[in-house]
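The opening position of the sequence shown corresponds to residue 1 in the numbering used here, with each subsequent residue numbered one higher. Presented below is the structure to which this report refers.
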Amino acid sequence: MPNSTAHRLATFAERVLGAPLPVAVRTWDGERVGPEGPAVVLENRRALRWLLYAPGELGLARAYVSGDLDVEGDLADGFRRIWALTRSGELRRVKLAPRDWAAAAGLAARLGVLGLPPKPPAEEARLTGVLHSLRRDRSAIAHHYDLSNAFYQLLLDDSMAYSSGYWTADDPGYGLAQAQHDKLELICRKLGLGPGTRLLDVGCGWGSLLVHAAKHHGVTAVGVTLSAEQVQHVKGRLAHHDLEDRVEVRQQDYRELAGEPFDAVASVEMGEHVGEENYPAYAHTLFRMLRPGGRLVLQQMSRGRAGDTAPGGGAFIERYIAPDMTMRPLSRTLGHVEAAGFEIRDVHALREHYVKTVRAWLATLEEHWAEAVALVGEHEARVWRLYLVGGALAFEENRMGVDQILAVRPGAEGASGMPATREWA
Numbered sequence: 001m002p003n004s005t006a007h008r009l010a011t012f013a014e015r016v017l018g019a020p021l022p023v024a025v026r027t028w029d030g031e032r033v034g035p036e037g038p039a040v041v042l043e044n045r046r047a048l049r050w051l052l053y054a055p056g057e058l059g060l061a062r063a064y065v066s067g068d069l070d071v072e073g074d075l076a077d078g079f080r081r082i083w084a085l086t087r088s089g090e091l092r093r094v095k096l097a098p099r100d101w102a103a104a105a106g107l108a109a110r111l112g113v114l115g116l117p118p119k120p121p122a123e124e125a126r127l128t129g130v131l132h133s134l135r136r137d138r139s140a141i142a143h144h145y146d147l148s149n150a151f152y153q154l155l156l157d158d159s160m161a162y163s164s165g166y167w168t169a170d171d172p173g174y175g176l177a178q179a180q181h182d183k184l185e186l187i188c189r190k191l192g193l194g195p196g197t198r199l200l201d202v203g204c205g206w207g208s209l210l211v212h213a214a215k216h217h218g219v220t221a222v223g224v225t226l227s228a229e230q231v232q233h234v235k236g237r238l239a240h241h242d243l244e245d246r247v248e249v250r251q252q253d254y255r256e257l258a259g260e261p262f263d264a265v266a267s268v269e270m271g272e273h274v275g276e277e278n279y280p281a282y283a284h285t286l287f288r289m290l291r292p293g294g295r296l297v298l299q300q301m302s303r304g305r306a307g308d309t310a311p312g313g314g315a316f317i318e319r320y321i322a323p324d325m326t327m328r329p330l331s332r333t334l335g336h337v338e339a340a341g342f343e344i345r346d347v348h349a350l351r352e353h354y355v356k357t358v359r360a361w362l363a364t365l366e367e368h369w370a371e372a373v374a375l376v377g378e379h380e381a382r383v384w385r386l387y388l389v390g391g392a393l394a395f396e397e398n399r400m401g402v403d404q405i406l407a408v409r410p411g412a413e414g415a416s417g418m419p420a421t422r423e424w425a
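Written as structure tokens, this is what we have:
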């Protein structure tokens, strides 16, 4: 119907976007306008109030997390259609001109949407203090990683690896657990671990690498993390596997590391939390904590391709998932690593592996939706659904990448101690 709420909204949205609607819109009165396929469902007028006060990604995220906006059909397909317009250049940045604001206010008044701005969902991060200070970094890490050990145990495989797996087979029986095992084994081979090797894991998470390296390669190890929940979980795992005499876990910032250097250092998807200004100090710390001839494996996500202007991942990621996170192009990270004194020996792109990993996590979330809601609440579960759907698509479309960087601290005369061939391949 030309004068229906859905039609009015669709007409205004197409004018602001500068393109036809990529997905349909269905309003609270049941009217639907737009193409076949996924539909954005406005459950009530408050869904529009979110968008009125925060046009674009943040308003949409707030409306979705709160349950005032939903998606009918395939959420991933809806994301894919929107990003297709972005890539083609048809979809310009959502930024309302004065005349658009006037039109939006008039439409909002006619639809009964006007009112005070809704209070942002409680799941949104509210950090204070100096960016990347010790105190603020602890708060940022706690926001994401201290959510609930039980929730992460539900979402992840038994290794509790919360990073990209390494998928080495396409067999129907090969799944996430084996891919994570193969990733951990790949890291151990690249580091040349063996009995008696001293390993430092910076940002050790729930202890997946610590436990694997100690059990299967006989190392002694220290892991550090800012998350109190992770420290508690790792200590329980070490006791369960009788590894307390060989593996230590600390609640500690990388800036607080000191003491005798290690034979090998790993840092798996932790560098994203360091920040651009602090990254040189982070890279120098990894260098300082290695003995000459010691190896580093740095697994890290990258961003910045094709003129990307959201190094933190965008408004949704920055507010709900990983506040203060910074991703950069791979080339810039390599520059930091080299400037710290490392010799880079190998770079291994794992982008496609992350697509499979995130989709496996999403499938687990959907399969155990009721349990996830019971653990963290429906709003937080919706945050994770949005996060995983969008994340898988970002890796699939090469808007984000992830790489394993193998580097070595050369000896006094430049010797690397590395083999001439890739024995880990």
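Idealized CB from N, CA, C, for every residue including glycine. Predicted model only: the values in this text are computed from it and were never measured.
Would the beta-carbon of residue 167 fall within 7 Å of that of residue 356? yes
Between residue 108 and the rest of its own chain, which residues show a CB-CB distance below 6 Å, the 5 nearest in sequence each way excluded? 52 and 114
Check residue 250 in the structure and name its three-state DSSP category. DSSP, reduced to helix, strand and coil, places residue 250 within a strand of the structure shown.
Can you tell me whether residue 274 is helix, strand or coil according to DSSP? Annotated three-state conformation of residue 274 is coil, per DSSP.
So, at 8 Å on beta carbons, what are the nonlocal neighbours of residue 32 in its own chain, with the 5 sequence-adjacent residues on each side left out? 6, 24, 25, 26 and 39
What's the call for residue 162, buried or exposed, on a 16-neighbour Cβ count within 10 Å? buried
For the beta strand (DSSP E) that residue 201 lies in, which residues bound it at each end? 198–202
What residues in its chain sit with their C-beta under 6 Å from that of residue 148, if we drop five residues either side in the sequence? 375 and 376.
Tell me whether residue 143 is buried or exposed, calling it buried when 16 or more other Cβ atoms sit within 10 Å of its Cβ. buried
Whole angstroms is fine: what's the gap from residue 417's alpha carbon to residue 319's? Using only the alpha carbons, I get a separation of about 44 Å.
Measuring alpha carbon to alpha carbon, tell me which of 257, 188 and 22 ends up nearest residue 213. 188
Backbone secondary structure at residue 98 - three-state DSSP: helix
Tell me which residue opens and which closes the beta strand (DSSP E) that residue 348 is part of. Per DSSP, residue 348 is one residue of the beta strand (DSSP E) stretching across 343–349.
Going straight from the alpha carbon of residue 120 to that of residue 317, what length do you get? 15 Å
Judging by CA-CA distance, which residue of 275, 224 and 314 is the nearest neighbour of residue 252? Closest by alpha carbon: 224.
Please tell me whether residue 321 and residue 387 are closer than 7 Å, where the distance is taken between their beta carbons. Against a cut-off of 7 Å, the Cβ pair of residue 387 and residue 321 comes out as a contact.
Residue 174 classed as buried or exposed, judged by whether at least 16 other C-beta atoms fall within 10 angstroms: It is exposed - the Cβ of residue 174 has fewer than 16 other Cβ atoms within 10 Å.
Could you give the DSSP three-state label for residue 326: helix, strand or coil? coil
Nearest-angstrom Cα separation, counted from residue 186 out to residue 428: Look at the range of the chain in this structure, 1 to 425, and you will see that residue 428 is not part of it.
Find out if the Cβ-Cβ distance for the pair residue 198, residue 287 is shorter than 7 Å. no
Contacts around residue 422, its chain only, beta-carbon distance under 8 Å, and the 5 residues preceding and following it disregarded: 346
Could you name the residues of the same chain whose beta carbon sits closer than 8 Å to that of residue 64, not counting the 5 residues immediately before and after it, in chain order? 70, 71, 382 and 386
Own chain, CB closer than 6 Å to residue 47, minus 5 neighbours either side, in chain order: 63, 68 and 69
Could you check if residue 126 is buried or exposed, using at least 16 other CB atoms within 10 Å of its CB as the buried criterion? The C-beta of residue 126 has fewer than 16 other C-beta atoms within 10 Å across all chains shown, which makes the residue exposed.
Give the C-beta separation of residue 208 and residue 159 to the nearest angstrom, bearing in mind that I take them to be a contact with Cβ-Cβ under 8 Å. 4 Å
Do the CB positions of residue 123 and residue 380 come within less than 7 Å of each other? yes
Which of helix, strand or coil does DSSP assign to residue 117? coil
Spatially closest choice to residue 324 from 404, 333 and 310, by CA coordinates: 310
Beta-carbon within less than 6 Å of residue 274's beta-carbon, same chain only, minus the 5 sequence neighbours each way: which residues are those? 282
Measure the alpha-carbon distance for residue 153 versus residue 364 and round it to whole angstroms. 11 Å
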